[in-house]
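Chemist: Numbering (our numbering), first residue to last: 6 to 252.
(1) Just checking my contact of residue 203 with residue 108 at CB under 8 Å: how many whole Å lie between their CB atoms?
(2) At what residue ranges does the region 166 to 219 contain a whole run of the beta strand (DSSP E), taking only runs of 3 or more?
(3) Mind pulling the alpha helix (DSSP H) runs of 4 or more residues that sit fully within the region 71 to 96?
(4) To test your reading of the DSSP string, which unbroken beta strand (DSSP E) runs of 3 or more residues are found completely within the region 82 to 164?
(5) By how many angstroms is the C-alpha of residue 83 removed from the C-alpha of residue 137?
(6) Tell me whether the beta-carbon of residue 74 lies closer than 9 Å to the beta-carbon of residue 29.
(7) Where residue 14 and residue 24 are concerned, what is the direct C-alpha to C-alpha distance, given to the nearest angstrom?
(8) Measure how close the beta-carbons of residue 68 and residue 220 come, nearest whole angstrom, since I'm counting them as under 8 Å.
(9) Check each candidate in 56, 160, 112 and name the one with the smallest Cα separation from residue 127.
(10) Is the region 51 to 68 touching the region 227 to 235 in the sense that three or more CB pairs, one from each, lie closer than 8 Å?
(11) Per DSSP, residue 57 is paired with what?
(12) Excluding five sequence neighbours on each side, which residues of the same chain lie with their C-beta closer than 8 Å to the C-beta of residue 183?
Set out below in structure tokens:
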């Protein structure tokens with residue numbers, strides 16, 4: 006073989022490989038860990054993550070209307086199961102990647118006590134919650150208040166967000182003095198980042214099983230397959246646990 010041909014062949018083998026892109030629809034409660042996971046995944050694999058954050062119910066409508074997502078990281082297990090039944094997913098790709106925890110939180114220290122007794126006093130003008138029809142954390146908040154026999158009394162004080170991200174913003178911006186949020190939004194390395202909080206006992210609401218699923222569009226995408234594999238790794242699980250999720 007001539008020397009120029011050898012050089013071209015060597016260059017082909019030595020050329021850097023460019024990663025593929027994966028578009029991921031991510032439930033709002035998983036925003037913080039997802040940003041960490043995406044950055045580490047990109048560094049480790051060379052693939053690019055394009056993440057969108059929002060309410061799982063809205064993502065379902067977008068997916069059914071042709072939104073170009075490869076993967077859904079849902080806030081529940083109902084929507085991924087429904088997409089499975091509608092043949093909108095890669096077969097056998099659904100699994101639970103995290104189990105969420107509900108927290109009553111205030112951006113100010115000393116407002117929320119360690120037992121959540123402030124709810125019984127009603128000494129607040131507003132309480133932020135996510136829409137129970139769209140967001141599993143909103144449903145969990147509603148179930149908690151029902152268990153406490155406080156739903157009817159506190160419902161007039163609700164400031165309702167479309168998703169748990171909006172509920173968090175209502176409290177963080179002082180539009181509401183307290184509210185029900187995801188533990189992952191206010192805890193990091195299993196420590197409360199600021200304010201005051203009550204971690205709601207898991208017995209007070211239905212388990213928030215958060216399922217991931219590869220959508221039909223993502224089947225055959227090497228970046229999608231690589232990201233799902235990464236999400237199942239011990240490295241990723243350590244990050245997920247550090248934000249207060251169970252596995």
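Note that the Cβ used here is the ideal one computed from N, Cα and C, for glycine as well. For clarity, every value in this text was computed on a predicted model and none was experimentally measured.
Modeler: On the basis of the supplied data:
(1) Position 198 of the chain shown, counted from the start, is the residue given in the question as residue 203. Position 103 of the chain shown, counted from the start, is the residue given in the question as residue 108. With 8 Å as the limit, residue 203 and residue 108 qualify as a contact, their Cβ atoms being about 7 Å apart.
(2) Whole beta strand (DSSP E) segments, 3+ residues: 183 to 187, 201 to 204, 213 to 219.
(3) 83 to 90
(4) 100 to 105, 107 to 111, 132 to 135
(5) Counting from one through the chain shown, the residue named residue 137 turns up at place 132. Counting from one through the chain shown, the residue named residue 83 turns up at place 78. In a straight line, the C-alpha of residue 137 is about 14 Å away from that of residue 83.
(6) On the chain shown, position 69 is the one that residue 74 refers to. On the chain shown, position 24 is the one that residue 29 refers to. Yes; because the gap between Cβ atoms is below 9 Å, this pair is in contact.
(7) Position 9 of the chain shown holds residue 14. Position 19 of the chain shown holds residue 24. Because the pLDDT at residue 14 is just 38, under 50, the model does not fix this residue reliably, and the point stays unresolved.
(8) Stepping through the chain shown from its first residue, residue 68 is reached at position 63. Stepping through the chain shown from its first residue, residue 220 is reached at position 215. Indeed, because the Cβ distance is near 6 Å, the residues count as touching under 8 Å.
(9) Working through the chain shown from its first residue, we reach residue 127 at position 122. Taking only the C-alpha atoms, the option nearest residue 127 is 160.
(10) Yes, since at least three Cβ pairs between the region 227 to 235 and the region 51 to 68 fall closer than 8 Å, the two stretches touch.
(11) Counted from its first residue, the chain shown places residue 57 at position 52. 30, per the DSSP bridge assignment.
(12) Within the chain shown, the letter at position 178 stands for residue 183. Hits under 8 Å: 109, 110, 111, 116, 117, 123, 129, 132, 133, 176.
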